[in-house]
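Just below is one structure, and these are the notes that go with it.
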Amino acid sequence: MRGRPGDLMTHNETTASPSADPAVDSALDPAGLRRQDLGRRLVVALIFCLPVMAISMLEVLQFPAWQWVVGVCSLPVVGWSAAPFHRGALRAARGGSTTMDTLVALGVSVATLYSWGALILTPAGRIGMTMNMSLNPLAAAHETGSGGEIFFETAVMITVFLLTGRYLEARAKSSATSALRALLSLGAKQAVRVTRPGDPRDPATPWETETIDVAALQPGDYFLVPAGEKIATDGIVFEGHSTVDESMLTGEPIPVEKSVGDSVTGATINVQGLLVVEATKVGAETKLAQITRLVTRAQAEKSPVSRLADRVSTVFVPVVIALAVLTFALWLGRGHPFPTAFTAGVSVLVIACPCALGLATPMALLVGSTRASRAGILLKGPQILEETRRINTLVMDKTGTLTTGEMSLEDVTVSAPRSAGMASLGNTQALALAAALETGSPHPIGKALVAAAKARDGGGGSGALTGFATFIGRGAGGFVDGVAYAIGKPEWLTAMGADIPPDLGAAIGSAQSQGRTVAVLATGADWSSQVSGDACPVLSSEPAGNGQLAAERAGREMTLKVTGMTCASCVARVEKRLNKLDGVSAVVNLPLEIATVTLTADVPAETLIAQVEKAGYGASLLDSAGTADKPDRLSENNVAAVAGDLLQARALAVFTFSDPVKPEAAHTVASLKAAGIETVLLTGDQPEPAHRAANQAGIETVVAGVSPEGKVATIRELQDAGKIVAMVGDGVNDAAALAAADLGIALATGTDAAIGAADITLVNPSLEAITQAINVSRATLRNIKQNLAWAFGYNIVAIPLAAAGMLNPGLAGAFMASSSVLVVLNSLRLNRVHL
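Numbering (this note's numbering), first residue to last: 61 to 895.
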C-alpha cells in the first residue's frame, strides 16, 4: 500500500494485540508445568490412599487377602506419586547431603519394604489375617517376634500429606511468573512498517506500507502509529504531531505532547494524531524489556519464606537417621529379635517424617488466604510472609493509589466584566460551553468537563457545535451556535494573542503553583483562514482497491460504545468476537472506548452488541451510517474552517482540575503511623501535585519525578538503610518496585503487570484495605510459626518414645497423623482473625 503522509490518518490493522514471545513463554512454563504435575500425582495418591487407610485401620473392612490388595494399591502412591521426594533424595545423596526429601523418601521406602517383607516372610501375608491399631505394641507383637503387622497406610499417608503441602506451595509459586506475562502482553504484536523509495526524508514521495510482526522491526525502520493504537517499539517521532498516554511509565494521567524529534516508548498509546516513528531500540533493548528484567531480577533477589524445616534439615535429617540406626542396634544388642529391633528403628523414621512440617506453611497460607479473600485481600504465596511482621515503611504510588486516578473539575473562575453578548455568563454557562467543545473527547480534561456539566444540569454541553477541530497537545476549538470558541492550555491561547484578564491570570498562576491542571475557555470573532498543521481532524482512510490509501471507507459503518475495557487483552477479546462474524471488520479504540465496525454484509446492531457482551463487556450503538452520511462535524471542510488562530480572542473562564486524594487516605496514613509504619509517597508525577497530595494525606516524605528504575533504586535505598519496605501501586511503572519491595501490594483495579508482581492484591480499592492486608499477613505468619513450633515439639517428644519401643510404626503413623490434624486445626483459627 502507498499513500502520502497527510493521508495516513488511520489504519485498520490492529497493533494493540498482546504479544507473545515464545522464547520468554517457554522460560515461564516450567512453573505451571510443575504445578500440574504435582496436581496429577496428588489426585492419584488420594484415589488410592483412601481405601488403603480405611481397610488397614478398620478391622471390620478387612476381607480375605485384604493385605495383598492394600499392598498393590499402595504401589502407585509410593512409587509414582512419591517420585518427586525420591528424586530429591537421590540428588541430595549424589551431592553428599541430606534434605527433608531424604527423610520422606526413607520413611516411605522403609515402611513399604518392611510391609512387603512382612507379607512375604511372616504370617502377615496369611489369608484371613486381620490387624488393628495396638496401643501396647512391644508387649505383644514385638516380643513374640510374630511380625504380624504391615504399614502400607503409613507410607501412603506420608506421601499424601507431604504431596499436598508441596502442591499448595507450587501453586503459589507458579503465579510469580504472571507479572512477566502481563508485561509481555502490553507490547504490540504487529506494526505497520512504512518505507519510501529513495530518500525517506523526501515528503514528496508517498509511503509504502506493510504489516509485519513487531519482532521483525529493526533499528532505523519507520513505522506508522494511528490514533488509539500502541507504539510498536521505542523510537523517535519522524513525522506527525500527537499526544501519547505514558501513564504506564509515569503514572501521570495527562497525555504528553509529541512532535518531530521527540522520543516515544513502545507499548505507550498514541491518543490523538498520526505518527510516523523511526525505531531506535527493539527487542531486549526496549524500555518495556528493561522493566521486565527489573521485575525478573527483583523477584529472583526476593527472599522467599524459608521454612524452618528446610533451615534445619542439614542437621535434623542426619540426626534422625543416626537415631534410627542407633535404636535398631541397641535393641538388637540387648538380645531382642531382629523384627523387634527393626520395628523400633522404623518407628523412629516414620514418626520423624515431616508431615506436620510439610503442612505448617501451606495450610496456614490456605486458611489465611481464604480469610483475607473474604475481606477482598488476595495473598499470592508464602513469599509474602517473611518480613511482614517487621514492616516499618510503606511506600505508596500517587496516581490511582493515593488518588482516584481520574481528573476532576475542582473550580471554575469566570472573568468580569463579561464579553459582549455574554453579559450574564456564569459558572454553569461557562462549563456548558466548555463541555460542548469537549463532547466525545478521549482526553482526561475533556472527560472531566463533560462529567461535571452532566452532574450540574443533567446534560452535557449546550448549543450546536460545528466546525470542530482538535489542536494536539494544546486544546480544541469550534463554533457553538455560530460563535467561535477555544479551550486549552493558557500558553496556547497566549500564543494566539488572546487577552487574559488579570483576575483569570491570577487564578491560573495560583492553580499552577499548587500543582493543579488548568484549562482556559476563550471566545473570538472568528478562526483565521490559515490552516494550521496542528489541527487534527477526525478523518477516515483505509486501503482502497487500488492499493493506495483512500480518504473514504467502502460499505456501511457502525460505531459502538464499549464499556468495561481496561487493557490491551480486553481490546483483543472484543475484536476477536466481532471479527468472527462474516462481513464484519472491527477495530477497537481503548482510549475512546469505541469499536468502529465496517460492514460488507447485513449484520444488525443487536448481533454486534451481543458479541461484545459475550466477550464480557457492555455495548451500545452510537452511530450507524454510510460514509457519505457522516455528520458535518467530521467533514474535512468544516475542520479546515477551524484552524490557525482564534481572532480577537478573549479569555472567559478558567477551569481548575486535580486528581483528588481518596477520602480515606488521611485516616489510613494516621493508622499506619500509629502502628509504627512510616509512609513515603513515591511517584513519577511532578513535584507540585505530588507534594499537594502528600500534604492532604498527611505524608511527610515525598519522592517525585522518578522513573520505574528510580522507584526500584528508592526501594533499595530504604532497604539499605535498614527499612523493611512494603510498596503499594497499581501501574506498569510500579511493577519492578512492587517486586523489589519486601512486601508488594497492588490494587485489583491496576494493571496486570502490577498485580502479577505484587504479593498481595486488594480487590477493594480503599486504602483502608492496606492496613487490613498487613494485619492478616502478620496473623498468618504468626500461625505458621505456631504450626512449626508444634511440629518440631512433637518430633522432640515422639522420637524418644519410638526409640524406647513405646510406639510401633503403625502407632507412630497415628501420632504423626494427629500432629497434622492439630496443625490443620490451628490454621483454621485464622478464620476468626479480626481485621
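We put the CB at the ideal spot given by N, CA and C, even for glycine.
Query	Result
Would you kindly work out how many angstroms separate the C-alpha atoms of D273 and A511, rounded to a whole number?	39 Å
Reducing DSSP to helix, strand and coil, say where A529 ends up.	strand
So A143 and T172 are supposed to be a Cβ contact under 8 Å. How far apart are they, rounded?	About 13 Å; that fails the 8 Å criterion.
Going by DSSP, name the residue or residues bridged to Y545.	G538 and T583
Determine, using beta carbons only, whether V252 and G295 come nearer to each other than 8 Å.	no
Excluding five sequence neighbours on each side, which residues of the same chain lie with their C-beta closer than 7 Å to the C-beta of A384?	G405, V408 and L409
Just how far apart, CA to CA, sit N843 and N835?	12 Å
Tell me the DSSP bridge mates of K733?	Paired residues: none, contrary to the question.
Output the distance between the C-alpha atoms of A579 and G428, rounded to the nearest integer angstrom.	49 Å
So, for V336: in the same chain, excluding its five sequence neighbours on each side, which residues have a beta-carbon less than 8 Å away from its beta-carbon?	P65, L68, V254, W267, Y282, F283, L284, V285, V297, F298, E299 and G300
So G131 packs on W176, CB below 8 Å; how close in whole Å?	6 Å
Let me know the secondary structure DSSP gives Q127 once reduced to three states.	helix
Counting Cβ pairs closer than 8 Å, one from the segment 547–557 and one from the segment 565–585, do we hit at least three?	yes
If the criterion is Cβ atoms closer than 8 Å, does the pair A786 and L807 meet it?	no
Checking 8 Å against the spacing of the C-beta atoms, do Q127 and L166 come in under that value?	no
Along the alpha helix (DSSP H) that carries L179, what are the first and last residues, could you check?	M160 to L181
May I ask you to report which of helix, strand or coil DSSP gives N891?	helix
Could you check if A515 is buried or exposed, using at least 16 other CB atoms within 10 Å of its CB as the buried criterion?	exposed
Are the Cβ atoms of I737 and T453 separated by less than 8 Å?	yes
In this structure, does DSSP put V762 in helix, strand or coil?	strand
Pick from R154, I291 and S134: whose alpha carbon is nearest that of S116?	S134
List the DSSP bridge partners of A787.	It is worth fixing the name first, because residue 787 is Met in this sequence and not Ala. V455 and G804, per the DSSP bridge assignment.
Taking the straight line between their C-alpha atoms, what separation do you get for T159 and L93?	23 Å
By a C-beta neighbour count over all protein chains shown, 10 Å radius and 16 as the cutoff for buried, is T204 buried or exposed?	Residue placement at T204 is flagged as unreliable, the pLDDT there being 35, under the threshold of 50; the coordinate-derived value follows with that caveat. Under this definition T204 is an exposed residue.
Of the residues Q572, D563, S501 and T328, which one's Cα is nearest the Cα of G537?	S501
Check whether the segment 100–108 touches the segment 182–191, taking contact to mean three or more Cβ pairs, one atom from each stretch, closer than 8 Å.	no
Quick one: grab the DSSP three-state call for V331.	coil
When burial is assigned at 16 or more other CB atoms within 10 Å of the CB, is R186 buried or exposed?	exposed
Could you spell out the range, first to last residue, of the alpha helix (DSSP H) harbouring R776?	P768 to D780
The alpha helix (DSSP H) spanning Y854 covers which residue range?	E828 to A863
If the criterion is Cβ atoms closer than 8 Å, does the pair A435 and Q832 meet it?	yes
Relative to the ligand ADP, is the shortest distance from any of its heavy atoms to the C-beta of A153 smaller than 7 Å?	Of ligands this structure carries none, so the ligand ADP is not represented either.
Classify F717 as buried or exposed, calling it buried when 16 or more other Cβ atoms lie within 10 Å of its own Cβ.	buried
What alpha helix (DSSP H) runs, 4 residues minimum, are completely inside the segment 483–518?	487–498 and 504–517
Should K458 and T743 be called a contact, given that it needs their Cβ atoms to be closer than 8 Å?	yes
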